[in-house]
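Structure first, then comments.
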Amino acid sequence: MFDADFLRRLEYLDVVARKILQGRIRAERMSTKRGTSVEFEDYRNYAPGDDLRYLDWNVFGRLEELFLKLYREEENLHMTVLLDCSRSMAFGQPDKFLYARQIAAAIAYIGMSNLDDANVRAFTRDMGPAAERLRGKGKVKVLFPFLTNLTNGGETDMRRAFRRYVALERRRGVVVLVSDLYDRDGVIPALRYLKSRRHEVFVIHVMDKDEVDPPLRGDLRLVDSETGAFKDLTVTDALRARYKEAFEGHARAVETWCRSAETGYVRALTQVPFDTLVLKILKRGGLVA
Amino acid sequence: MSFAAAAGLWLGLLALPVIALYILKIKRHRRDVPYLRLWQDLVADKAFRTLFQRLQRWLSLLLQLLILACLVGAFAILTLSDSFLREDSIVLVVDTGASMNGKLREDGEGGTRFAAAIEAARAIIEGRSAKDEIAVISAGPQPEVLQGFSRSTLRLREACDALTVGRASSDLRAAHRLARDLLAEKKHRRIVLLADASGGAAEEIAAQDGDVRWQRIGENVGNVAIVRFQARRNHALGTDYLLLVVRNFADTPRQCRVEIGFEGTTKKVLPLDLPPDGEFQETIPLTLPEGGYAKAELVHGTNADGTPITDGLALDDVAYAAVPTARLYRVLLVAPDEATEAPFKAALGAMGTLIDRAGCQAMSVDAFAARPDELAEKFDLILFAHVAPPALPARGNYLCVNALPGGLPAKELGIERQPELKEADTDHALARFL
Chain L
106 MFDADFLRRL EYLDVVARKI LQGRIRAERM STKRGTSVEF EDYRNYAPGD
156 DLRYLDWNVF GRLEELFLKL YREEENLHMT VLLDCSRSMA FGQPDKFLYA
206 RQIAAAIAYI GMSNLDDANV RAFTRDMGPA AERLRGKGKV KVLFPFLTNL
256 TNGGETDMRR AFRRYVALER RRGVVVLVSD LYDRDGVIPA LRYLKSRRHE
306 VFVIHVMDKD EVDPPLRGDL RLVDSETGAF KDLTVTDALR ARYKEAFEGH
356 ARAVETWCRS AETGYVRALT QVPFDTLVLK ILKRGGLVA
Chain P
603 MSFAAAAGLW LGLLALPVIA LYILKIKRHR RDVPYLRLWQ DLVADKAFRT
653 LFQRLQRWLS LLLQLLILAC LVGAFAILTL SDSFLREDSI VLVVDTGASM
703 NGKLREDGEG GTRFAAAIEA ARAIIEGRSA KDEIAVISAG PQPEVLQGFS
753 RSTLRLREAC DALTVGRASS DLRAAHRLAR DLLAEKKHRR IVLLADASGG
803 AAEEIAAQDG DVRWQRIGEN VGNVAIVRFQ ARRNHALGTD YLLLVVRNFA
853 DTPRQCRVEI GFEGTTKKVL PLDLPPDGEF QETIPLTLPE GGYAKAELVH
903 GTNADGTPIT DGLALDDVAY AAVPTARLYR VLLVAPDEAT EAPFKAALGA
953 MGTLIDRAGC QAMSVDAFAA RPDELAEKFD LILFAHVAPP ALPARGNYLC
1003 VNALPGGLPA KELGIERQPE LKEADTDHAL ARFL
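Okay, here's the thing in structure tokens:
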């Protein structure tokens, strides 16, 4: 899956990404936290216990009062890729799960090479295994085996999984959701929850062309790949047309919400090469800002 | 084609299991979908909204039935191809007996059996293969070949048009023998017997001869019939009487009445209550000294709801009986000599029940010519044997044998010197008195 050719494409992607994001993305980012750095931000009165190294003696000489100098703390971009590993991701040719892992690898790689902290976490009904704090290109030795060994199965419960994620990861950052967005309890409530925790969310909606326009016709027994539930149907052209409308409505509802919540959203058709998709995401912006 | 096609098309019954299996089980292919809910939401309230969508479900079944029909048709053609190519010789034996005057069905619909038989014969003629030849036999009391083997549809149609139904019972066995004789030299023989079930002869023939296909005409219809109505003489008592026999051929009891009349006037009414297959027999004394005819007419009653009772055959509801006169006839024999007189005297002497032997007389033609009017008044019949007077009186009854009196609008062409006597049907009601 992650062979030499894949790595070569990632390298190319990284070079292009640097050009696109130049001036807009940095390894060192201004944090809203105040701490130790070279960039002054404010003063405050001294309180017992404060580090005496940060006292402004010039101000003490003029005013004879102790003030503490405050600097903006610098921190790395904390980026997490949440990868949907439910059974529905096995659908498609090539299957969506493979495609989603390639996208996750590409995004994590770009993040790692820009000295950000990159994390990849699998989820289904709950949070699954994770590859954490990947920094530097050398970490591909951790990232690729991790993604290669991931398996898919089970149902999706985003809201429950995201609650778990928030509990596990207290740092705020960029969350890239790579999923087919099939959740019986709805996708938008889960995204709203994640957004409410002040995460920057970017949604990559993975879909296969056979989902968009299913090549089904005749008397069929349709079986849900996640739950095993089935429905006997006679699929006609008219029914297929209505399904396409329903699918488009489902995707558009998420997209509309994302736009209103200033959340990035992009459709990822498995037939489009992953590097083309990632470039499109980077050009559009919003993934990292 | 029409004979064997029906057998082939029995295969069409295979459509029944096809339909049953279709209803019981529609094989559905399994297809995995990532998110079934999208489909469930669609069909929850929108499934099969239009008539066309509903019909689409049956298109598959219709297609299967069409394929089956094609297979059955192909099989039928294969099995029948031999008969298509074969040159068959068919004899149509059409029952023209009295029973064919009967109704085709109990309710009276459909006309007579004979009309139905003609229609069936025409249908066979029209539907035959071009290579088949057909002969037509009228199966009456004496079977008759109306049309020998022919492939001309026109001639065969004309033969059907020439068929007439009689008033006597048919002899189907004789007709079958005649058909067999016609088919003696033929290779592919078939006999189609168009007859009703009357008497059971048709069924027996069909059971005995494999070449015979009995096409039954008409269903069983209840019938009450006058089976015998005769005037008879009791020689011991010297009186005449009528013998009446009525039989109920129906499966149910029948109530009816018989009206008996003489010379157009009803003299007696007999109410009858006949059980199934029951028979009524009655003798009725006669008082018709001058002779004449008696008529018996069967009048059917009505059902409980007032509707007339249906009788299968109207022909046997009326019967006539000739009643001989009670007086013996006196005959005057006029002959040239005794040798000529002798056979006539012997014949007259043998008719003891008709001829008053004592009142008969023989004389020469000259003696007759002397007083013709007086003799014509005295004798019931004057028989001229090999001699005749120059002219006949204006009155009287005359029988001339090898003699032609003058004054008649007739011309003598010659004399039969050796006349031949032929057997007559002496049992016939009228022939008995000739």
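Protein chains in written order, with our numbering: chain L, 106 to 394; chain P, 603 to 1036. Just so it is clear, CB atoms sit at the ideal spot from N, CA and C, and this is done for glycine as well. Quantities reported herein were computed from a predicted structural model and do not represent experimental measurements.
Quick one, are the C-beta atoms of D697/P and L780/P less than 9 Å apart? Not in contact: D697/P and L780/P (Cβ atoms no closer than 9 Å).
Out of H304/L, Q207/L, R265/L, point me to the one whose CA is closest to F251/L's CA. If we check each option's Cα against that of F251/L, Q207/L comes out closest.
Which runs of the beta strand (DSSP E) at least 3 residues long sit entirely within the stretch 251-323 of chain L? Give them in chain order. If you keep only unbroken beta strand (DSSP E) runs of at least 3 residues inside the stretch 251-323 of chain L, you get 279-284, 305-312.
Listing by chain order, which chain L residues have their CB less than 8 Å from the CB of L638/P? Within chain L, the residues near L638/P are L327, V328, D329, T332, A334, F335, K336.
In terms of alpha-carbon separation, which member of A770/P, E806/P, K705/P, Q883/P lies closest to L872/P? Cα-wise, what sits closest to L872/P is Q883/P.
Taking contact to mean at least 3 C-beta pairs separated by less than 8 Å, is the stretch 350-368 of chain L in contact with the stretch 227-243 of chain L? Note that the stretch 350-368 of chain L does not touch the stretch 227-243 of chain L; fewer than 3 beta-carbon pairs, one per stretch, sit closer than 8 Å.
Status (buried if at least 16 other CB within 10 Å, exposed otherwise) for A723/P: A723/P should be labelled buried.
Distance check for F111/L and A351/L, CA to CA, integer angstroms please. Between A351/L and F111/L, the C-alpha separation is close to 35 Å.
When you compare only the Cα positions, how much space is there between Q1020/P and A949/P? Using only the alpha carbons, I get a separation of about 17 Å.
Does chain L have any CB closer than 9 Å to the CB of D643/P? Residue-level contact by beta carbon holds for D643/P and chain L, with a gap shorter than 9 Å.
N-terminal and C-terminal residue of the alpha helix (DSSP H) that W816/P is part of: W816/P -> not in any alpha helix (DSSP H); beta strand (DSSP E) instead, spanning 814-818.
Neighbouring residues, chain L, relative to H631/P (Cβ below 8 Å): Here the neighbours are G323, D324, L325, R326.
Write down the C-beta distance between L387/L and G278/L rounded to the nearest angstrom, noting that I regard them as a contact closer than 8 Å. In fact, because the Cβ distance is near 18 Å, the residues do not count as touching under 8 Å.
Listed from N- to C-terminal order along the chain, which residues in the stretch 278-292 of chain L have their beta-carbon within a distance smaller than 8 Å of any beta-carbon of chain P? Within the stretch 278-292 of chain L, the residues whose Cβ lies closer than 8 Å to some Cβ of chain P are D285, Y287, R289, listed in chain order.
Cross-chain neighbours of V620/P in chain L, by beta carbon under 7 Å: Those do not exist, as V620/P stays about 16 Å from chain L at its closest Cβ, beyond 7 Å.
How about I957/P and E899/P: are their beta carbons less than 9 Å apart? Cβ distance not < 9 Å, so I957/P and E899/P don't count as in contact.
Could you spell out where the beta strand (DSSP E) holding R1048/P opens and where it closes? In the structure as shown, chain P begins at 603 and stops at 1036. Residue 1048/P is therefore absent and cannot be evaluated.
Taking contact to mean at least 3 C-beta pairs separated by less than 8 Å, is the stretch 755-774 of chain P in contact with the stretch 663-671 of chain P? Touching, no, given that fewer than three Cβ pairs across the two stretches are closer than 8 Å.
So, under 8 Å CB-CB, L644/P and A334/L are touching, yes? Tell me the CB distance rounded to an integer number of Å. Not a contact, Cβ separation roughly 15 Å.
Please report whether the beta-carbon of D763/P lies at a distance below 9 Å from any beta-carbon of chain A. Going by chain labels, chain A is absent from the structure shown, which instead holds the protein chains L and P.
Roughly how many angstroms lie between the CA atoms of V164/L and D156/L, to the nearest whole one? For V164/L and D156/L, the distance between alpha carbons rounds to 16 Å.
Can you tell me whether N836/P is buried or exposed? The criterion is at least 16 other CB atoms within 10 Å of its CB, across all chains shown. Label assigned to N836/P: exposed.
For E69/L, which residues in chain P fall below 8 Å Cβ to Cβ? Summary: the structure shown does not reach residue 69/L, with chain L confined to residues 106 through 394, and so no result is reported for it.
Between M603/P and chain L, is any beta-carbon pair separated by less than 9 Å? Here M603/P scores only 42 on pLDDT, less than 50, and its place in the model should not be relied on; the value that follows carries that caveat. Not one chain L Cβ lies under 9 Å of M603/P.
Give the straight-line distance between the Cα atoms of E116/L and L248/L, rounded to the nearest whole angstrom. In this structure, the alpha-carbon of E116/L lies about 15 Å from that of L248/L.
Please classify G233/L: does DSSP put it in a helix, a strand, or coil? Under the three-state reduction of DSSP output, G233/L falls in the strand class.
Tell me which same chain residues have a C-beta within less than 8 Å of the C-beta of M217/L, skipping the five on either side of it? Within the same chain, A223, L239, R240, G241, K242, K244, V245, L248 come within 8 Å of M217/L by CB-CB distance, once the 5 residues on both sides are set aside.
Excluding sequence positions up to five away, which residues of its chain have a Cβ less than 6 Å from the Cβ of Q744/P? Excluding sequence neighbours, Q744/P sits near nothing in its chain.
Mind checking whether D918/P and A827/P have CB atoms under 9 Å apart? Yes. Within cutoff.
For M702/P, which residues in the same chain have their Cβ closer than 6 Å to its Cβ, ignoring the five residues on either side in sequence? Excluding residues within five positions, the ones whose Cβ falls inside 6 Å are R715, F716, V767.
Counted within 10 angstroms of its Cβ, other Cβ atoms place I1017/P as buried (16 or more) or exposed: Around the CB of I1017/P, fewer than 16 other CB atoms lie within 10 Å, so the residue is classed as exposed.
Would you please verify whether the beta carbon of S193/L is less than 9 Å from any beta carbon of chain P? So yes, S193/L belongs to the interface.
So with Cβ pairs under 9 Å, would you call F196/L a contact of chain P? Closer than 9 Å to some Cβ of chain P, the Cβ of F196/L qualifies, so yes.
Determine, using beta carbons only, whether E360/L comes closer than 9 Å to chain P. At a cut-off of 9 Å between C-beta atoms, E360/L does not count as an interface residue with respect to chain P.
Cβ neighbour criterion (16 or more within 10 Å) applied to D853/P: By the 16-neighbour rule on beta-carbons within 10 angstroms, D853/P is exposed.
Does K314/L come within less than 9 Å of chain P when only Cβ atoms are used? No, K314/L does not count as interfacial toward chain P.
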